[in-house]
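Enquirer: Just dropping this structure here.
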Amino acid sequence: MKKINGVIYAMLSSVAFGMSPIWTKDACNRGTNSITMLLSRVSITAIILFIYFLVKKVDFKINKRQFISLAFVSIIGYASTTICLFLSYNHISVGLATTMHFVYPAVVTILMCLIYKEKIHFVKVLSILLSMAGIYCLIYTKNMNVSFKGAFLAIISGVFYSIYIVGIDKGGIKELDVLVSTFYVTLITSICVFIFGQCSVGIKIVYDYRVFIDAMGGAVLSTLLALVAFVKGIKVIGSSNASILSTFEPIVSVIMGIMVLNEKVNLSIVIGTILIIISVIVLTVSEKIKQKNYDLNNNSF
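Adding 241 to a residue's 1-based position in the sequence shown gives its number in my numbering.
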């Protein structure tokens, strides 16, 4: 049952992350820019958690080793990921950026295999291949007049995110309470995004209640909930499995795009969606069988 909870956490995270581009695109259409939206999301999340710690008197002190690990995954991992991904929205469609970002499950599995000698079982390989095939189908639906800069930013964001995932899994951060680690990640990312914004496109504040709703939705649902659920998923089922299950995110982006942005559906989108769902089911069933075998072996002693 614990493994299944990990699967649920990872998929909940992917749903929350999948809604992220909708908040950003709506706010940008109302006059702000993607970096300002990113800054508002991570800073609001950090503020909410800080207030929660003060009210609940939560001890959020960390040691030097944990700070170094958190700084690494925040700067090289999460901040670099989100900056590249949000900038890619300026050059290519949100849906295409999201799908290209999903090179990271394969990169995570490769990193875990090469660096930490994690075994890659047939089911995991099959799940990766199915999810990658599904993502290709989603990408194929777009026209081929794609900005190289936008595509590069989206893909490199996936590489940075794989570093974030492996860092969370193997950097000693799993020992921390998930809210504490999320607080430091969003706090450090806020500083990085603010500096980047001031040195590049600038921070553009728009006084519009709809932009405020977008910022709060992006902070509470697509940042706080998404990060907490994802870290919980990593703790239970590991980084490789969590990253594969998160390929459910493009499906959410496609569905939200259809419902909110009136994007069209075609056969390629349907096939891609089905392939990704199958990849999630394959890995979920595999984890359930593995858990049953583990329980049987323990009960036999």
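C-beta: ideal position from N, C-alpha, C; glycine also.
#1: Buried or exposed for N503, going by 16 or more other Cβ atoms inside 10 Å?
#2: Below 8 angstroms on the Cβ atoms is my guess for S422 versus L311; work out the distance and round it to an integer in Å.
#3: So does the stretch 327-340 actually touch the stretch 452-463, counting three or more Cβ pairs closer than 8 angstroms?
#4: Are the CB atoms of V344 and I406 within a distance shorter than 7 angstroms?
#5: Whose C-beta lies closer than 7 angstroms to the C-beta of A374 among residues of the same chain, with five residues either side of it excluded?
#6: How many Å lie between M385 and A347 at the Cα?
#7: Within the same chain, show all residues whose beta-carbon is closer than 8 angstroms to that of T488, passing over the 5 residues directly before and after it, in chain order.
#8: So is Y448 buried or exposed if we call it buried at 16+ other beta carbons inside 10 Å?
#9: Ignoring anything shorter than 4 residues, give me the alpha helix (DSSP H) runs that lie fully in the stretch 488-526, in order along the chain.
#10: Assuming S441 and S284 form a contact by the criterion Cβ under 8 angstroms, report the distance between their Cβ atoms to the nearest whole angstrom.
#11: Which word fits K244, buried or exposed, when buried means at least 16 other C-beta atoms lie within 10 angstroms of its C-beta?
#12: From which residue to which residue does the alpha helix (DSSP H) around L465 run?
#13: Excluding the five sequence neighbours on either side, which residues of its own chain have a C-beta within less than 7 angstroms of the C-beta of G413, listed in chain order?
#14: Taking one C-beta from the stretch 466-477 and one from the stretch 273-281 each time, how about it: are there three or more such pairs within less than 8 angstroms?
#15: Between V299 and D418, what straight-line distance do the alpha-carbon atoms span, to the nearest angstrom?
#16: Taking the alpha-carbon positions, what's the S398 to L420 distance?
#17: Give the DSSP-derived three-state secondary structure of M260 in the structure shown.
Expert: Well, looking at it:
#1: Classification of N503: exposed, given that the 10 Å Cβ count is below 16.
#2: Correct: roughly 7 angstroms between the Cβ atoms.
#3: No, because fewer than three Cβ pairs between the stretch 327-340 and the stretch 452-463 fall closer than 8 angstroms, the two stretches do not touch.
#4: Their beta carbons are not under 7 angstroms apart, which means I406 does not touch V344 by this criterion.
#5: Scanning its chain for C-beta atoms nearer than 7 angstroms, with the 5 sequence neighbours on each side dropped, one finds around A374 the residues L516, in chain order.
#6: Caution applies to M385, whose pLDDT of 49 falls short of 50 and renders its modelled position unreliable; the value that the coordinates give is listed next. About 24 angstroms.
#7: For T488, where only same-chain residues beyond five positions count, the Cβ hits under 8 angstroms are S255, F343, P346, S372, G375, I376, I517, S520 and V521.
#8: Within a 10 Å sphere around the beta-carbon of Y448 sit fewer than 16 other beta-carbons, which makes this residue exposed.
#9: Here the runs fully enclosed are 490-501.
#10: That pair is no contact at about 17 angstroms.
#11: Within a 10 Å sphere around the beta-carbon of K244 sit 16 or more other beta-carbons, which makes this residue buried.
#12: Unbroken run through L465: none, as it is neither H nor E.
#13: Excluding sequence neighbours, G413 sits near R306, Q307 and S310.
#14: Cβ pair count under 8 angstroms is below three, so no.
#15: Distance between the alpha carbons of V299 and D418: 10 angstroms.
#16: Distance between the alpha carbons of S398 and L420 is about 24 angstroms.
#17: Note: M260 maps to coil in three-state DSSP.
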